[in-house]
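Each residue of the sequence shown is one higher than the last, beginning at 3 in the working numbering.
Don't be surprised by glycine CBs; every beta carbon is placed ideally from N, CA and C.
Following: one structure in structure tokens, then a few remarks.
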Amino acid sequence: MKLKIGLIWRIIIAIALAVGLGLVIPKISEGFADWFVSLAATFNMIFGGFLNFVVPLIIVAFIAPGIAKLGKGSGRLLGLATGFAYFSTIVAGILAFFAATAILPGFIGSIGNDDIENAGRAAAESFFTIEMTPIMGVMSALLLAFVLGIGMASIGSKSMLAVFDEFNVLIEKVISFVIIPLLPFHIFGIFLNMTYTGQVAKVLSVFAVVFVMIIGLHLVMLTLQYTVAGTLTKRNPFGLMKIMAPAYFTALGTQSSAATIPVTLRQARETGASEKVTGFTIPLFATIHLSGSTITLVSCSIGVMLMNGMSVEFSTYLPFIFMLGVTMIAAPGVPGGAVMAALGLLSTMLGFDEGMVALMIALYMAQDSFGTATNVTGDGALAIMVDRFTKKDNAVAAKTNLEPEQY
Numbered sequence: 003m004k005l006k007i008g009l010i011w012r013i014i015i016a017i018a019l020a021v022g023l024g025l026v027i028p029k030i031s032e033g034f035a036d037w038f039v040s041l042a043a044t045f046n047m048i049f050g051g052f053l054n055f056v057v058p059l060i061i062v063a064f065i066a067p068g069i070a071k072l073g074k075g076s077g078r079l080l081g082l083a084t085g086f087a088y089f090s091t092i093v094a095g096i097l098a099f100f101a102a103t104a105i106l107p108g109f110i111g112s113i114g115n116d117d118i119e120n121a122g123r124a125a126a127e128s129f130f131t132i133e134m135t136p137i138m139g140v141m142s143a144l145l146l147a148f149v150l151g152i153g154m155a156s157i158g159s160k161s162m163l164a165v166f167d168e169f170n171v172l173i174e175k176v177i178s179f180v181i182i183p184l185l186p187f188h189i190f191g192i193f194l195n196m197t198y199t200g201q202v203a204k205v206l207s208v209f210a211v212v213f214v215m216i217i218g219l220h221l222v223m224l225t226l227q228y229t230v231a232g233t234l235t236k237r238n239p240f241g242l243m244k245i246m247a248p249a250y251f252t253a254l255g256t257q258s259s260a261a262t263i264p265v266t267l268r269q270a271r272e273t274g275a276s277e278k279v280t281g282f283t284i285p286l287f288a289t290i291h292l293s294g295s296t297i298t299l300v301s302c303s304i305g306v307m308l309m310n311g312m313s314v315e316f317s318t319y320l321p322f323i324f325m326l327g328v329t330m331i332a333a334p335g336v337p338g339g340a341v342m343a344a345l346g347l348l349s350t351m352l353g354f355d356e357g358m359v360a361l362m363i364a365l366y367m368a369q370d371s372f373g374t375a376t377n378v379t380g381d382g383a384l385a386i387m388v389d390r391f392t393k394k395d396n397a398v399a400a401k402t403n404l405e406p407e408q409y
């Protein structure tokens, strides 16, 4: 029987090994320690360069067909579902910003900004350098994806969509079979450098604070979503959350919104939402509604920026949150897909370098399953809201002697 270790555990093992070796090797041989850390830095240089090269391709491959497919569906129902999903994601991002900026500076400041400011920067130079220039910038890729996606939706192009669907599959294979398997080694190199320079204890203590805060924010967001849903339907919000609990715990295990769809769909119908609405919205929300992941991305990015001595301004973050809501459509259906889709925005809008990106990935992946669980559980609340407004539209349409689809 082949033992399969999940990505989270591989990352945890990588961090533990990096910390252990970073503490032990210098005591055995300083020369070997310098060589070993430089070897890790060389791998990080190669992997980081490849990651930067792939990011624009990820954006085009996932956003373009994602937007094109949003142009298909049943009109008003699609508009309501997409609007609720986007609004929920934006609210989650703003909630995370204010919570993180209120809570994290105190903890990170008490650790010592002078020491932690260089967290994530290599302590050793790589043996050589390879230039891997992306074929286009991140913003160019975003603009191209929007133009192609909106264009395909407007003309109903099936041939172009088929090409981009295959391109989507190709890039997802690159993520699943190259980037994701190598991530633990990249994170190993980053934490080895931090341990070697004596910064890892400070970084891990920040990780713990951010982790606890994020779980709390997830629960707050779910409570807000189900309070609105419960108010609209005159149901107990906590009773609705209890009904959706199986979807939450299933997502914790699968780490995938798509794999949890059958359970989410079943539980959403038990809340009283109609089969027509749940059958359409739950699969759609699994792709476009990522409020839990957005909370994690915003919180983790603020933590990493504070760790590097960077200022965090709402005027900078609000455009980032708005763009993040759109970019989440591009999140591949693999563990860590949301952070992969957000890498371009982190670099261009927040100024993340390779070391900061690696810290971001490690911090995000540590609780990816909790973000996914929050996403799918929130899908049930949004389905209830859409169902409530759809019923209202149908009632108005009946009074005006129009078919619901015509109204």
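Open item on the list: Check this for me: beta carbons of phenylalanine 413 and leucine 79, under 8 Å apart or not?
Closed with: Not covered by the structure: residue 413. The range shown for the chain is 3 to 409.
TODO: For the alpha helix (DSSP H) holding threonine 296, just list the boundary residues, first then last.
DONE: DSSP places threonine 296 in the uninterrupted alpha helix (DSSP H) bounded by 293-309.
Open item on the list: Against chain D, does phenylalanine 287 count as a neighbour if the rule is that its beta carbon must be under 8 Å from one of theirs?
Closed with: Protein chain content of the structure displayed is limited to a single chain, and chain D is not contained in it.
Task: Residue environment, isoleucine 110, which counts as buried when at least 16 other CB atoms sit within 10 Å - done: Counting of Cβ neighbours within 10 angstroms places isoleucine 110 among the buried residues, the total reaching 16 or more.
Task: As assigned by DSSP and simplified to three states, the class of phenylalanine 64 - done: In this structure, phenylalanine 64 counts as helix in the three-state DSSP scheme.
Open item on the list: Rounding to the nearest angstrom, what Cα-Cα distance links methionine 325 and threonine 131 in this structure?
Closed with: When rounded, the separation of the alpha-carbon atoms in methionine 325 and threonine 131 is 33 Å.
- [ ] Verify whether the separation of the beta carbon atoms of phenylalanine 148 and isoleucine 69 is less than 8 Å.
- [x] In this structure, isoleucine 69 lies closer than 8 Å to phenylalanine 148 by Cβ.
Open item on the list: In this structure, how does DSSP classify valine 21 when only helix, strand and coil are distinguished?
Closed with: In the structure shown, valine 21 falls within a helical segment according to DSSP collapsed to helix, strand and coil.
Task: Alpha-carbon spacing of threonine 289 relative to alanine 340, whole angstroms - done: Rounded to the nearest whole angstrom, the C-alpha separation of threonine 289 and alanine 340 is 10 Å.
Task: Proximity to alanine 101 [Cα-Cα], best of Phe45, Val214, Leu172, Tyr228 - done: Of the listed residues, the one whose Cα sits closest to alanine 101 is Val214.
TODO: Keeping to the same chain, check which residues put their C-beta closer than 6 Å to that of methionine 351; ignore five residues upstream and five downstream.
DONE: Sequence-distant partners of methionine 351 (beyond 5 residues in either direction) whose C-beta falls short of 6 Å from its own C-beta, in its chain, are Phe322.
Open item on the list: If you reduce the DSSP assignment to three classes, tell me which class valine 388 lands in.
Closed with: Assigned with DSSP and collapsed to three states, valine 388 falls in helix.
- [ ] Run the CB neighbour count on lysine 71, radius 10 Å, all protein chains shown included, and call it buried at 16 or more, exposed below.
- [x] Answer is buried; the Cβ neighbour count reaches 16.
Task: Length at least 3, wholly inside the segment 117-192: the beta strand (DSSP E) runs in chain order - done: As far as the segment 117-192 is concerned, it has no whole beta strand (DSSP E) run of at least 3 residues.
- [ ] Between the Cα of leucine 320 and those of Val359, Ile96, Leu23, Leu348, spot the shortest distance and give me the residue it belongs to.
- [x] It is Ile96.
- [ ] Count the other CB atoms, across all protein chains shown, that sit within 10 Å of the CB of phenylalanine 316; report buried if there are 16 or more and exposed otherwise.
- [x] Result: exposed.
Open item on the list: For leucine 25, count the other beta carbons within 10 Å of its own beta carbon; 16 or more makes it buried, fewer makes it exposed. Which is it?
Closed with: When all chains shown are included, leucine 25 counts as exposed.
Open item on the list: Which residue wins for smallest C-alpha separation from methionine 134, given the options Tyr198, Asn54, Lys160, Leu150?
Closed with: Taking only the C-alpha atoms, the option nearest methionine 134 is Asn54.
TODO: Taking all protein chains shown into account, decide if serine 112 is buried (16 or more other Cβ within 10 angstroms of its Cβ) or exposed.
DONE: Here the model assigns serine 112 a pLDDT of 43, short of 50, so the residue's position is not dependable, and the following value carries that caveat. Answer is exposed; the Cβ neighbour count stays below 16.
Task: alanine 87 vs leucine 194 beta-carbon contact at 8 Å - done: No, Cβ-Cβ distance for alanine 87 and leucine 194 is not below 8 Å.
Task: With 16 other Cβ atoms within 10 Å as the buried cut-off, status of glycine 108 - done: Here glycine 108 is exposed, its C-beta having fewer than 16 other C-beta atoms within 10 Å.
Task: Alpha carbon of valine 205 to alpha carbon of methionine 309, nearest angstrom - done: C-alpha separation (whole angstroms): 8 Å.
Task: Inter-residue Cα distance where the pair is aspartate 389 and serine 276 - done: Taking the straight line joining both Cα atoms gives about 7 Å.
TODO: With DSSP as the reference, label methionine 312 as helix, strand or coil.
DONE: Methionine 312: coil per DSSP, three-state reduction.
Open item on the list: Let me confirm a value: phenylalanine 190 is counted as buried when at least 16 other C-beta atoms fall within 10 Å, else exposed. Which label applies?
Closed with: By the 10 Å Cβ count, phenylalanine 190 comes out buried.
TODO: Use the C-beta contact count for valine 57: other C-beta atoms within 10 angstroms, 16 or more gives buried, fewer gives exposed.
DONE: Valine 57 should be labelled buried.
Task: Backbone secondary structure at isoleucine 27 - three-state DSSP - done: Note: isoleucine 27 maps to helix in three-state DSSP.
Task: Beta-carbon spacing of phenylalanine 129, serine 31 below 8 Å - done: One thing to note: phenylalanine 129 has its Cβ no nearer than 8 Å to the Cβ of serine 31.
Open item on the list: If distances are taken between C-alpha atoms only, which option among Lys160, Pro183, Leu384 comes closest to alanine 16?
Closed with: Out of Lys160, Pro183, Leu384, Pro183 has the C-alpha closest to the C-alpha of alanine 16.
- [ ] Would you mind stating whether valine 211 and leucine 106 have Cβ atoms separated by less than 8 Å?
- [x] In this structure, leucine 106 lies closer than 8 Å to valine 211 by Cβ.
Open item on the list: Tell me which residue opens and which closes the alpha helix (DSSP H) that phenylalanine 354 is part of.
Closed with: Where phenylalanine 354 is concerned, there is no enclosing alpha helix (DSSP H), given that its DSSP letter is neither H nor E.
Task: Candidates Leu19, Tyr198, Ala231: closest to leucine 29 by CA position - done: Per the sequence shown, the amino acid found at residue 29 is lysine instead of leucine. Comparing Cα positions, the closest option is Tyr198.
- [ ] Using 10 angstroms around the beta-carbon of leucine 347, count the other beta-carbons present and answer buried if the total reaches 16, otherwise exposed.
- [x] By the Cβ-count criterion, leucine 347 is buried, with 16 or more other Cβ atoms from all chains shown falling within 10 Å of its own Cβ.
Open item on the list: Quick check on this structure: which residue in Ala344, Ser313, Met312, Val314 has the alpha carbon closest to the alpha carbon of glycine 327?
Closed with: Of the listed residues, the one whose Cα sits closest to glycine 327 is Ala344.
- [ ] For phenylalanine 354, I'd like the list of residues in its chain whose CB is within less than 6 Å of its CB, leaving aside the five on either flank, ordered along the chain.
- [x] Within its own chain, the residues whose Cβ lies closer than 6 Å to the Cβ of phenylalanine 354, once the five positions on either side in sequence are excluded, are Leu348, listed in chain order.
TODO: Could you round the C-beta distance between histidine 188 and threonine 376 to whole angstroms and report it? I think they count as a contact, below 8 Å.
DONE: Rounded, the Cβ-Cβ distance is 26 Å, inconsistent with contact.
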